[in-house]
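Remember, my numbering sits 899 above the position in the sequence shown when you count from 1. Even for Gly, the Cβ is constructed at its ideal location relative to N, Cα and C. This structure is a prediction, so every number in the text was calculated from the model and none was measured.
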Amino acid sequence: MARPYGSRDAEEREYVPPVRDKKRRGLVRLSPMVPAEIHAAAYENAKAAGVSMGKYVAELIRRDQLDANGRPVWADEAFGPDQGELPMTG
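This is the structure:
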């Protein structure tokens, strides 16, 4: 059975840098799955800004404001308070 949307915690995985392709001028793929209404809103916002979806999402990420711990300032409201350190296993 597939996992529910948004159920995978970021702490479950380590960052693996993507492979850069010279033909793509240093750009790499970012392909998150989102609900259809979020996709439509992003498309309309990018269109209104006169840029591609890729440029729009890249600018949102670049402008994201972080707190002193490196967590987005809006994260508590959206996802709940930070759980702190995860328990060590194994």
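* **Nearest-angstrom Cα separation, counted from valine 915 out to arginine 970** => Note on geometry: alpha-carbon atoms of arginine 970 and valine 915 lie some 20 Å from one another.
* **Under 9 Å between C-beta atoms of tyrosine 942 and methionine 932** => 9 Å or more divides the Cβ of tyrosine 942 from the Cβ of methionine 932.
* Asked: Can you name, in chain order, every residue of its own chain whose Cβ lies under 6 Å from the Cβ of alanine 977, other than the five neighbours on each side?
  -> Taken in chain order, the list of residues that qualify is empty.
* Asked: To which residues of the same chain is valine 918 closer than 7 Å at the C-beta, ignoring the five residues directly before and after it?
  -> Result list for valine 918: empty, nothing under 7 Å.
* Asked: Under a three-way DSSP split, which group does leucine 959 fall into?
  -> Secondary structure of leucine 959 (DSSP, three-state): helix.
* Asked: So, using beta-carbon positions, are leucine 929 and valine 956 closer together than 9 Å?
  -> In this structure, the beta-carbon distance from leucine 929 to valine 956 falls below 9 Å.
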